[in-house]
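A.B. asks: Okay, here's the structure, questions in a sec.
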Amino acid sequence: MKVLRSLILVHIGPSGNSLLISDKVLHDLLTNLKFLRVFSLCHCRIVEVPNCVGELKHLRYLNFSNTSIRRLPESIGDLCKLQALILRGCHQLSKLPHGITKLVSLQFLDVRDTKSLKEMPSGINNLKNLTILSKFVVGTEKGLQLKELKNLSHLQGELFILKLQKVEDVRDGVDANLFGKQGLRKLFLHWDKDLGILRNDKRESRVLESLQPPIDIENLTILNYGGAIFSSWLDGSSYSRIVSLSLWNCPYVTSLPSFGQLPSLRQLSLKGLNAVRIIGSIFLWRDVGMEGLVSLCRGPKEEVPFSCLEHLIVRSCPSLVKTLPCQLDRLIKLEIHSCQQLNNSTSELCLPSLDELYLEDCSKEILKSLFKLTSLTILKINKLIELVSFDHRFMSCL
């Protein structure tokens with residue numbers, strides 16, 4: 001038993017509850033199993049990690065994910081051979097020990113879903129072998145700033161950067177060199193919401209401009225951004241691999257970039273862009289969602305060919321009026337929610353490929369424009385204003 005190399009504790013007890021491990025049992029395990037290389041307490045009921053964990057000098061893999069631990073001991077920095085530290089889902093974890101920055105062999109640091117984690121440890125730039133750093137929380141003090149990402153050139157997969165409002169010097173974003181981290185595929189840029197007078201829209205614009213992703217990025221989310229314009233790099237034709245783009249709760253942005261230079265884009269999600277008035281050529285791809293665009297107006301007709309659009313969602317756009325695009329031959333799914341002004345009375349929508357149609361909280365006039373619904377198999381209608389009966393032209397199209 002003392003020469004055991006791997007210990008993975010199953011988290012489900014006989015009653016279906018998580019396995020409860022007392023502090024004494026955990027202490028005894030760690031002091032008697034000096035040769036452990038793999039140790040997992042995933043989903044187990046523990047709240048504290050004893051200092052003696054630092055005595056496991058041979059440990060390569062340590063997993064405390066989905067536990068209730070509030071902190072890690074500084075002795076964690078003595079695990080000189082540790083390559084993977086998994087803390088995903090540790091919702092009570094508010095701080096990482098400074099000792100982590102001594103783990104020069106560490107390659108995986110998974111801190112996803114650690115909602116109480118307020119900042120990173122000072123000096124995380126020492127972990128030059130990191131390939132996975134799922135989340136970075138920006139601080140203002142030296143050693144906690146965004147530029148700590150500079151030396152982490154091997155990062156891969158996904159990276160969530162939180163509290164970007166704390167970036168005081170735009171050069172920190174430049175030094176972070178996200179563009180040079182060619183292994184990144186998913187990037188999440190997050191400012192806190194409801195900053196009030198602390199919001200600096202011009203600085204936020206410059207910070208976003210400095211955080212240009214690598215050219216092979218596939219998934220990009222920008223949340224709670226307070227600038228008035230999006231960065232010029234979003235128009236770049238070099239981002240040929242972006243598949244998913246989400247722009248959420250950016251209330252001061254007045255216009256959207258022309259996304260026509262993103263040839264691989266299949267999913268576009270727009271929510272809470274209250275000041276946007278120009279759509280531009282955003283409907284060039286398969287899956288588009290719009291929600292909460294209070295001031296949205298229809299974009300220039302010549303910029304919207306819609307030739308590849310397969311899924312169109314328009315949600316909570318009370319100022320969107322007149323027409324939707326008419327050339328939607330490939331559209332399979334159409335959802336319109338809370339768009340009372342939209343009626344399409346001046347044009348007909350020819351939708352020969354439409355399979356699913358969802359209409360909610362809209363004008364009944366929208367039905368008059370729907371034409372050739374020969375492929376429709378699912379129809380859901382709810383709260384159509386003043387709808388008493390279906391128009392005969394609409395029924396004849398089914």
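All residue numbers for the sequence shown refer to the UniProt record's numbering, where the first residue is 1 and numbers rise by one.
Even glycine gets a Cβ: it sits at the ideal position worked out from N, Cα and C.
No experiment lies behind these values; they were computed from the predicted model shown.
From the DSSP output, in three-state form, read off W191 for me.
C.D. replies: Coil.
A.B. asks: With a floor of 3 residues, list each beta strand (DSSP E) that falls wholly inside the segment 173-230, ordered by position along the chain.
C.D. replies: Whole beta strand (DSSP E) segments, 3+ residues: 183-190, 219-223.
A.B. asks: Once you ignore the five residues that flank S105 on each side, which residues in its own chain have a CB closer than 7 angstroms to its CB?
C.D. replies: Excluding sequence neighbours, S105 sits near C80, K81, L82, Q83, N129.
A.B. asks: Check G272 in the structure and name its three-state DSSP category.
C.D. replies: G272 falls in the coil class under three-state DSSP.
A.B. asks: Is N126 close to chain D? Criterion is C-beta to C-beta, closer than 9 angstroms.
C.D. replies: No chain D appears in the structure shown, which is made up of a single protein chain.
A.B. asks: With a threshold of 16 other CB atoms inside 10 Å of the CB of T377, please say whether the residue is buried or exposed.
C.D. replies: Answer is exposed; the Cβ neighbour count stays below 16.
A.B. asks: Would Q341 be called buried (16 or more neighbouring beta carbons within 10 Å of its own) or exposed?
C.D. replies: It is exposed - the Cβ of Q341 has fewer than 16 other Cβ atoms within 10 Å.
A.B. asks: So D28 is in the alpha helix (DSSP H); what residue range does that whole segment cover?
C.D. replies: Taken as a continuous stretch (DSSP letters only), the alpha helix (DSSP H) holding D28 covers 23-32.
A.B. asks: Would you mind giving the Cβ-Cβ distance between G173 and S153, rounded to the nearest angstrom? I have them listed as a contact below 8 angstroms.
C.D. replies: With 8 angstroms as the limit, G173 and S153 do not qualify as a contact, their Cβ atoms being about 16 angstroms apart.
A.B. asks: In angstroms, rounded to a whole number, what distance separates the CA positions of F35 and V53?
C.D. replies: Rounded to whole angstroms, F35 to V53 spans 12 angstroms at the Cα level.
A.B. asks: Using a threshold of 9 angstroms, state whether the C-beta atoms of V37 and R70 are closer than that.
C.D. replies: A small fix is needed here, since residue 37 is Arg in this sequence, not Val. Contact: no.
A.B. asks: Apply the 10 Å Cβ neighbour rule to L162 and answer buried if 16 or more other Cβ atoms are within range, or exposed otherwise.
C.D. replies: L162 should be labelled buried.
A.B. asks: Excluding the 5 residues preceding and the 5 following S68 in the sequence, name in chain order all residues of the same chain whose CB lies nearer than 6 angstroms to its CB.
C.D. replies: If we look at S68 and ignore the five residues flanking it on each side, its Cβ neighbours are V47, Q92.
A.B. asks: Once you ignore the five residues that flank P305 on each side, which residues in its own chain have a CB closer than 6 angstroms to its CB?
C.D. replies: Bear in mind that a pLDDT of 45 at P305, under 50, signals an unreliable position, so the model cannot answer this.
A.B. asks: Could you tell me the alpha carbon to alpha carbon distance between E141 and N219, rounded to whole angstroms?
C.D. replies: Rounded to the nearest angstrom, the two C-alpha atoms are 30 angstroms apart.
A.B. asks: Within 10 angstroms of its Cβ, does G226 collect 16 or more other Cβ (buried), or is it exposed?
C.D. replies: It counts as buried.
A.B. asks: Work out the CA separation of P352 and L331 for me, nearest whole Å.
C.D. replies: Approximately 8 angstroms between the Cα atoms of the pair.
A.B. asks: Hey, how far is the Cα of Y239 from the Cα of L33?
C.D. replies: Y239 and L33: Cα-Cα distance of roughly 50 angstroms.
A.B. asks: Which residue comes first and which comes last in the beta strand (DSSP E) that contains S246?
C.D. replies: 244-248 is the extent of the beta strand (DSSP E) around S246.
A.B. asks: Return the bridge partner residues of Y239 from the DSSP annotation.
C.D. replies: Per DSSP, none; premise fails for Y239.
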